[in-house]
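Asker:
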Amino acid sequence: MSTLTLAMRDSSTMVRRQLKRLLRYPPMTVPLIVTPVIILRAFVDVLGGAAAVVGGLLPPEWPARSPALAALGVRRVELADVIDELAAVDREPAWWRRIYDALDGPARDALGALPVPLAGETGRLVRGPRGLLVADGVDPAGLDALGLRFVHPEAVHPLLMRLGAIEAGPRTVLADAGVRTAVEESFQADDPDAVAEAVLGLVGPAHIDPGDEPWLAELALPGDDGELYPAGELLLPESPLRGLMADDAPFGVVDGEVLERWGAETLAAVGVLDGFALAKSEDVNLAGLVDEAETLELDDEDLWADEVLTRIGPQDLPPLVPEFVAVRDLELVDDWSAALRLLAGPPWRAAIVDPAHVTLHNGRRVAVPSYTAWWLGRHPILDGRTPAEFRLGGDDSLTGLYDVAPEGLDERLLLALGVRTSLEELLEEPGGVQELLDRLADPDRSVTRPQLGTLWTALADAPETAIEPPDHVRAIVDGEVEVVDAGDALVLDSPDLLPLLQGQPLVIVAQGRDTRLAELLDLPLAGDETPGDIEQEGDKRPVPDAVRAVLPDAPADYLAHDRLIVDGQDVPWWTRDGEIHASGVNGLARALAWSTGNWTERLLIEAVLRDPEDLPILLAEADLEP
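Note that this note's numbering has the sequence shown beginning at 590, numbered continuously upward.
(1) Under a Cβ-count criterion, where at least 16 other Cβ atoms within 10 Å of its own Cβ denotes burial, should Ser828 be classed as buried or exposed?
(2) Looking only at its chain, what residues have a beta carbon closer than 8 Å to the beta carbon of Leu825, apart from the 5 residues adjacent to it on each side?
(3) What are the complete beta strand (DSSP E) segments, minimum 3 residues, inside the stretch 768 to 853?
(4) Give every residue of the same chain whose Cβ lies closer than 7 Å to the Cβ of Gly1127, excluding the five residues on either side of it in the sequence, and list them in chain order.
(5) Please determine whether the Cβ atom of Asp999 lies at a distance below 6 Å from any heavy atom of the ligand NAD.
(6) With a CB to CB cut of under 6 Å and the five nearest residues on each side skipped, what residues in its chain are close to Leu1026?
(7) Quick one, which of Leu1181, Gln1158, Pro936 and Val1139 has its alpha-carbon nearest Glu1210's?
(8) Between Val1066 and Val1036, how many whole angstroms is the CB-CB distance? I'm expecting something under 8 Å.
(9) Which class does Ser1227 belong to by DSSP, given the choice of helix, strand or coil?
(10) Which same chain residues, not among the five before or five after Pro1032, have their C-beta less than 6 Å away from its C-beta?
(11) For the 8 Å Cβ check, are there 3 or more pairs between the stretch 943 to 959 and the stretch 909 to 918?
(12) Let me make sure I understand the geometry here. Which of Gly800, Asp673 and Ala945 has the alpha-carbon closest to that of Leu898?
(13) In chain order, what are the residue ranges of uninterrupted beta strand (DSSP E) at least 3 long that sit wholly in the stretch 1090 to 1142?
(14) Keeping to the same chain, check which residues put their C-beta closer than 6 Å to that of Arg1038; ignore five residues upstream and five downstream.
(15) Compute the distance between the beta-carbons of Pro729 and Pro759, then report whether it is under 7 Å.
(16) Does Val922 pass the burial test, meaning 16 or more other C-beta atoms within 10 Å, or should it be called exposed?
(17) For Ile941, count neighbouring C-beta atoms within 10 Å of its own C-beta (all shown protein chains included) and say buried if the count is 16 or more, exposed if not.
(18) Measure from the alpha carbon of Pro1161 to the alpha carbon of each residue in Ala1145, Arg1179 and Gly1167, then state which is nearest.
(19) Evaluate Pro616 with the Cβ neighbour count: other Cβ atoms within 10 Å of its Cβ, from every protein chain shown; 16 or more gives buried, anything less gives exposed.
(20) So what's Leu703 in DSSP terms, helix, strand or just coil?
(21) So, helix, strand or coil for Glu883, using DSSP?
(22) Assuming Ala1049 and Val1098 are in contact, meaning their beta carbons sit under 8 Å apart, how far apart are those beta carbons, in whole angstroms?
(23) In the DSSP assignment, the beta strand (DSSP E) including Asp1212 goes from what residue to what residue?
(24) With a floor of 3 residues, list each beta strand (DSSP E) that falls wholly inside the stretch 992 to 1078, ordered by position along the chain.
(25) Three Cβ pairs or more, each shorter than 8 Å: is that satisfied between the stretch 1071 to 1088 and the stretch 1128 to 1135?
(26) Identify, in the order they occur along the chain, each residue of the same chain with its Cβ nearer than 7 Å to the Cβ of Trp1188, setting aside the five sequence neighbours on each side.
(27) Given this structure, state the Cα-to-Cα distance separating Glu920 from Asp888, to the nearest angstrom.
(28) Skipping 5 residues on each side, what residues in its chain have a beta carbon closer than 7 Å to that of Glu743?
(29) Looking at the secondary structure, which residues open and close the beta strand (DSSP E) in which Ala927 lies?
(30) What's the C-alpha gap between Gly902 and Arg1102?
(31) Cutting at 6 Å between CB atoms, please list the residues of its own chain near Gly701, excluding the five before and the five after it.
(32) Asp1218: buried (16+ other C-beta within 10 angstroms of its C-beta) or exposed?
(33) Considering only C-alpha positions, which residue in the set Ala866, Leu748 and Thr948 is nearest to Ala690?
(34) With a threshold of 6 Å on Cβ separation, who are the neighbours of Ile970 within its own chain once the five nearest residues in sequence on each side are excluded?
(35) Would you mind giving the Cβ-Cβ distance between Ala764 and Ala724, rounded to the nearest angstrom? I have them listed as a contact below 8 Å.
(36) If you draw a straight line from the alpha carbon of Leu932 to that of Ala806, how long is it in whole angstroms?
Following this line, the structure appears as structure tokens:
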């Protein structure tokens, strides 16, 4: 109903009786009496009768819709006009509740500007209930310092909630923007203690967990030195952080009286530290962190985000981390031995060992190292060195290149920190190939000859990746493992070259991988640096048939030499351009094995060539090999 009328419906008899009274007045005076009269229906009684609140008010028994009243000039007014006049009324809060009760009907569209008395400020009215707080389990009188607008308890009515007032318990009050503003400005408040008292009084019953509302850490609280600190820069007296942070860390200790008044649990909820603080966020935009359009206030967060973006590759939409958790203030730690013992337990452990999950544009989720694991992996936290400088036991191929990790931390935690586990996993890591090459070039590291061959073969088989070719390489020089200038080294691409390469540093890799390794290291192949001139052509002879039991694909013939001279030196065998040159059984066995890709069979072939009648025994012995 957009128009309120004053009187209830009545009989035509009453109408005639009232009109007769009006008609006793002279015609010119009737408008003076009735024109200013306001006809309302719903809350005349509450308004206190004629002229008590609104001037010219007719009695409630008058029929509001009588044509006779309209003919006499009696007007009906819009409810919004009455609401405007109510704004100037000074009444106790209980009176306003009666007003709301009278207005609680279907005509709510015109009530948006309904005056509402506030708690804590005598006589103050505000226009419109929307956004006002209705206390539910909180005392508005204790929250004055926060500047919140609570409905006076004696004026509370369900109509106000239907018009947009908010029923507010402790958690809802904390979510009010005014509370956050008060916390952020608490250092500049006239009475910071009053702001702290109000906020802490809400936090306890709101059951806030540490880190749920990170902005609470800006609340000004007194330290035991009398100075004010942000809550997030205060430690509880028994906090283990007191003994492991650097001397210049900006932490104080919370005032003892404040601790006794509110308790450690409530203080921890606003950010006072017992252990490391956790940063929690949702839908973290990695591109925003890189561009510094967003911040989590974590050390090197942009570098972590950039590495994650590089790992996952280009995306059509900005990748998001739906649930982000990280340990704060790691850059302030001084005693890493103690810090790691603390971080190994809950709740911080999960922020290290559990990966972060990135949601891609196609909805797929990709696991990446968490920020905390990434940060710890980049810093010298294990005996003054980074975790990637250590290894777990188990893979002998990394022995000498990496020291065994210090004791005291479990394997899963060490893995998350980046401690090396195996050669295979190292080479699969971004930058792993480069790291291994750099370590091989370090003369302070020790590598055995069998181990070196395994490492070069693994590098040749590793996925292609962009690297910076090393300035030094670990090579074989006259049978010894040495670190040499890369410009002096060659990659051996065929063992028949060995007699010609005395004193030459050689990088030796398993058969078939020489070209790939030469490209990786940007080194020349030994064969490309050797002329390979043969002084005599040799005699063409058939390959003995007994060899085919070992090498079914052996060539039909070879070129025999009494003395095979290449580039002026005696060699036992030589293979070039599909031709096999050999002098003696030893050379022929090796030439046949290499040319057919069966280098590991060279000794068996030699034995067959020396005594073909022993073939059954030799084959039986070969069957016993794993």
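For each residue, glycine too, the CB sits at the ideal point set by N, CA and C.
Answerer: The structure says:
(1) Buried: at least 16 other Cβ atoms inside 10 Å.
(2) The residues are Val842, Val843, Leu848, Ala853, Leu856, Ala857, Val861, Leu862 and Asp863.
(3) Given a length threshold of 3 residues, each whole run of the beta strand (DSSP E) inside the stretch 768 to 853 is given here in chain order: 809 to 811 and 817 to 819.
(4) Cβ neighbours of Gly1127 beyond the five flanking positions: Leu1148, Ala1149, His1150 and His1170.
(5) Of the ligands one can find in the structure shown there are none, so the ligand NAD has no counterpart to examine.
(6) If we look at Leu1026 and ignore the five residues flanking it on each side, its Cβ neighbours are Pro1059.
(7) Nearest of Leu1181, Gln1158, Pro936 and Val1139 to Glu1210, Cα basis: Val1139.
(8) Actually they do not touch by this definition, with Cβ atoms about 14 Å apart.
(9) Limits of the chain in this structure are 590 at one end and 1215 at the other, which puts residue 1227 out of reach.
(10) The residues are Val1072.
(11) Touching, yes, given that three or more Cβ pairs across the two stretches are closer than 8 Å.
(12) Residue Ala945 holds the alpha-carbon nearest to the alpha-carbon of Leu898 among Gly800, Asp673 and Ala945.
(13) For the stretch 1090 to 1142, whole beta strand (DSSP E) runs of length 3 or above, ordered along the chain, are 1128 to 1131.
(14) Once the five neighbours on either side are set aside, the close Cβ partners of Arg1038 are Val1070.
(15) No; because the gap between Cβ atoms is not below 7 Å, this pair is not in contact.
(16) With 16 or more Cβ atoms within 10 Å of its Cβ, Val922 is classed as buried.
(17) By the 10 Å Cβ count, Ile941 comes out buried.
(18) Nearest C-alpha to Pro1161: Arg1179.
(19) Per-residue confidence for Pro616 stands at a pLDDT of 42, beneath the threshold of 50, marking its modelled position as unreliable; no derived number is given.
(20) Coil at Leu703, not helix or strand.
(21) Coil at Glu883, not helix or strand.
(22) The pair is a contact, with the Cβ atoms about 5 Å apart (cut-off 8 Å).
(23) Run containing Asp1212: none in the beta strand (DSSP E); it sits in the alpha helix (DSSP H), Leu1204 to Asp1212.
(24) Residue ranges of uninterrupted beta strand (DSSP E) with 3 or more members, entirely inside the stretch 992 to 1078 and ordered along the chain, are 1061 to 1066 and 1069 to 1074.
(25) No: the two stretches stay apart, fewer than three of their Cβ pairs being nearer than 8 Å.
(26) Its chain contains Gln1100 and Ala1182 as the residues whose beta carbon lies nearer than 7 Å to that of Trp1188, once the 5 sequence neighbours on both sides are disregarded; these appear in chain order.
(27) Here the alpha carbon of Glu920 sits roughly 7 Å from the alpha carbon of Asp888.
(28) Correct list, in chain order: Pro682, Ala683 and Arg686.
(29) Following the DSSP letters along the chain, one finds Ala927 in no beta strand (DSSP E) but inside the alpha helix (DSSP H) bounded by residues Trp925 to Leu932.
(30) Gly902 and Arg1102: Cα-Cα distance of roughly 29 Å.
(31) Non-local beta-carbon contacts of Gly701 in its own chain, meaning distances under 6 Å to residues more than five positions away in sequence, involve Gly717 in chain order.
(32) In the structure as shown, the chain begins at 590 and stops at 1215. Residue 1218 is therefore absent and cannot be evaluated.
(33) Going by the sequence as given, residue 690 is Asp instead of Ala. Closest by alpha carbon: Leu748.
(34) Excluding positions up to five away in sequence, the list reads Trp925.
(35) Between Ala724 and Ala764 the Cβ distance is about 15 Å, and since that is not below 8 Å, they are no contact.
(36) Near 21 Å, if we compare the C-alpha coordinates of Ala806 and Leu932.
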